[in-house]
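See structure below.
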Amino acid sequence: MMVSMAIFISAIALGARLQNQISKDEDWPVSARRLLNIHIAAAIFLYLLAPLAFAFASFQPSWNWLIVTYPSIALLIAHATYIASILIGLKGWPIWCSLIVALFMVILSHVFGNATLHHPGAANISQLASSAIAIAAAISAGLLIVLIAPPKAFVWRLTVVLAGVATLALMNTLSTIELNLTAPSIP
Numbered sequence: 784m785m786v787s788m789a790i791f792i793s794a795i796a797l798g799a800r801l802q803n804q805i806s807k808d809e810d811w812p813v814s815a816r817r818l819l820n821i822h823i824a825a826a827i828f829l830y831l832l833a834p835l836a837f838a839f840a841s842f843q844p845s846w847n848w849l850i851v852t853y854p855s856i857a858l859l860i861a862h863a864t865y866i867a868s869i870l871i872g873l874k875g876w877p878i879w880c881s882l883i884v885a886l887f888m889v890i891l892s893h894v895f896g897n898a899t900l901h902h903p904g905a906a907n908i909s910q911l912a913s914s915a916i917a918i919a920a921a922i923s924a925g926l927l928i929v930l931i932a933p934p935k936a937f938v939w940r941l942t943v944v945l946a947g948v949a950t951l952a953l954m955n956t957l958s959t960i961e962l963n964l965t966a967p968s969i970p
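In this note's numbering, each residue's number is its place in the sequence shown (first place is 1) plus 783.
Structural data, given as structure tokens:
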């Protein structure tokens, strides 16, 4: 699911770039300096820190009970490091854009992470390989956003997409509730 989310977000970044090229709203040139700085390195380190810490804790009996006993705290820590890595990685952006992107990424992670799979079947790839591919996809999508996406255009597109996702989620919820609404009879 993380790979599909990375492709989804990368497409939004490319769309924001294309929108900006056409409308010329923001002066946001593509620059390698955005990728080669201490903020990006710190963001990648922080992003990798949570899965590495949880992997380490899962092999240590003295720490594993914390994750098993308090999974909501583990999830909170994971989301906090995720948000912090986004805020650090988007250091050159206006803070309100960075906060909106961080919030929306957590929401979209929840949506993509809890999406139902049709006929999941047996896994044809190991958990370790799957995690490595997902992390690589997420980092590359983040780097693509930092490199090419103008902040305001990206936030606008992300807001519209999230409104669409929320509408679909609401419609899906309404379809699962078995309401029997009939129109009043016309005399």
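Ideal placement from N, C-alpha and C gives every residue a C-beta, glycine not left out.
Bounding residues of the alpha helix (DSSP H) (the contiguous stretch that carries residue i)
| i | result |
| --- | --- |
| Y865 | 854-872 |
| W939 | 934-959 |
| S914 | 910-931 |
Other residues of its chain near residue i: CB distance less than 7 Å, five sequence neighbours each side excluded
| i | result |
| --- | --- |
| V813 | L930, I931 |
| A799 | A932, P933, A936, F937, R940 |
| S909 | none |
Residue i, DSSP secondary structure in three states
| i | result |
| --- | --- |
| S968 | coil |
| W879 | helix |
Near the ligand PLP: residue i beta-carbon under 8 Å from a heavy atom
| i | result |
| --- | --- |
| T864 | The ligand PLP is absent from the structure shown, which contains no ligand whatsoever. |
C-alpha gap between residue i and residue j, whole angstroms
| i | j | result |
| --- | --- | --- |
| S868 | T942 | 20 Å |
| I928 | L911 | 26 Å |
| R816 | T852 | 44 Å |
| F791 | V884 | 14 Å |
| P854 | L832 | 17 Å |
| H862 | I850 | 14 Å |
| H822 | G875 | 9 Å |
| M954 | V948 | 10 Å |
6 Å CB neighbourhood of residue i in its chain, flanking five on each side removed
| i | result |
| --- | --- |
| L873 | S881 |
| K935 | E809 |
| Q802 | A936 |
| S793 | A924, L927 |
Cutoff 8 Å; reference residue i; Cβ partners in own chain excluding five residues on either side
| i | result |
| --- | --- |
| A915 | none |
| F887 | L941, T942, L945 |
| A781 | Because residue 781 is not part of the residues shown, which for the chain are 784 to 970, the question remains open. |
| S841 | N847, I850 |
| T864 | L829, Y830, L832, A833 |
| V786 | I916, A917, A920 |
I'd like the ranges of any alpha helix (DSSP H) spanning at least 4 consecutive residues and lying wholly in the segment 800-851. Listed in chain order, the complete alpha helix (DSSP H) runs (minimum 4 residues) inside the segment 800-851 are 821-842.
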